[in-house]
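For reference, the structure is listed below as structure tokens.
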Amino acid sequence: MECCFSSFSSRGDNSNHWRPLAIGFVKFNMDGSSRGCPRKTGIGGVLGDKNGCVLALFLGPMAEGDAANAKLLAIENGLEIFANSGWVGCKHLVIKSEPMLSISWCSNPGIRPWNIAKVLKQVGSLVKVIGSICFMYVSMKSQMG
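Numbering (this note's numbering), first residue to last: 3 to 147.
Structure (structure tokens):
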């Protein structure tokens, strides 16, 4: 199993500029949001290839929660879609999400909140099924500028 974690911030140099994916990679851009805490949440994601073609997408409302939990549910949903696709073993997956907290929960069991342990256990199981995956945190500022 190959798993990596990467972080990009808005530093004002060329590191924030868009670059096409390498051959054999696909990327899920995902997000979740909430209008307060706790409030109803929504999630969405787009899976694309190196040519910018959309391979899969999802969106929809979720239960009440906060923005960080919504972003985690978006990650879980994207991983489930990829794990149940024909791409496992054929494509390397990059997960691009914000905030860093949700990415940290996926990579560091020691800091996981107890109340979302079930979702994080499912994320861990999906990561094992997928095998080759890279979690990438990109700040919203760097995506806009």
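In this text, a Cβ means the ideal position worked out from N, Cα and C, and glycines have one as well.
Three-state secondary structure assigned by DSSP to residue i
i	result
residue 67	strand
residue 58	strand
residue 95	strand
Residue i versus residue j: straight-line alpha-carbon distance, rounded
i	j	result
residue 26	residue 132	14 Å
residue 46	residue 104	15 Å
residue 13	residue 122	Confidence in residue 13 is poor, its pLDDT being 44 and thus under 50, which makes the residue's placement too unreliable to answer from.
residue 33	residue 99	6 Å
residue 137	residue 67	23 Å
residue 106	residue 113	8 Å
Limits of the unbroken beta strand (DSSP E) element including residue i
i	result
residue 123	From DSSP, residue 123 is part of no beta strand (DSSP E) but of the alpha helix (DSSP H) over 119-132.
residue 31	27-36
Identity of the residues DSSP links to residue i by a beta bridge
i	result
residue 41	67
residue 47	32, 60
Could you say if the segment 113-123 and the segment 86-98 meet the contact criterion of at least three C-beta pairs nearer than 8 Å? no
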